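Residue numbers (this note's numbering): 558 to 649.
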Amino acid sequence: MEKGLSESKVSVFMNCVICRRPEIAAGFTSIAFERDEVTLVINSVPTQICRNCGEAYLEEDINIHLLGLVEEIVEEGITHGEYDYTELVDKK
Ligand SMILES: [Zn+2]
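What follows is the structure in structure tokens.
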């Protein structure tokens, strides 16, 4: 009798790595980028977030997309600001 490895993997992923509780659910978070002169904050970023301790688990494709958006803002010569992720995406 073999126990399903995939089942245990799913449950491990769904437990928060900080507080170990299975409280992770879809939500939104704010991400701050600070680099040299640049301080940009992106609000309303869709993410998986721990309802117990607030730890955010950003998906890799969203993270990459976010970095691209920040690069575009910096290329426009903007170094400080606060943006809404959904507004930035809507502009495309
Ligand atoms: Zn947690």
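The C-beta atom is built at its ideal place from N, Cα and C for all residues, glycine as well.
These numbers come from a predicted model, not from an experiment.
By how many angstroms is the C-alpha of residue j removed from the C-alpha of residue i?
i    : j    : result
E591 : P579 : 31 Å
L627 : R577 : Note on residue identity: the sequence assigns Val, not Leu, to residue 627. Using only the alpha carbons, I get a separation of about 32 Å.
I635 : F585 : 24 Å
E644 : M571 : 29 Å
V646 : I606 : 21 Å
H637 : E629 : 13 Å
Let me check you understand the geometry: is the CB of residue i closer than 7 Å to at least one non-hydrogen atom of ligand 1?
i    : result
R592 : no
Does the distance from the C-beta atom of residue i to that of residue j stay below 8 Å?
i    : j    : result
Y642 : L597 : no
I588 : E612 : no
C573 : N620 : no
V631 : V602 : no
My output table needs one value for residue i: the three-state DSSP class, helix, strand or coil.
i    : result
L562 : Because L562 sits at a pLDDT of 49, beneath the cut-off of 50, its placement in the model cannot be relied upon, and the following sentence gives the value as read from the coordinates. Of the three classes helix, strand and coil, the one that applies to L562 here is helix, per DSSP.
V602 : strand
V574 : coil
E644 : helix
I581 : strand
L626 : helix
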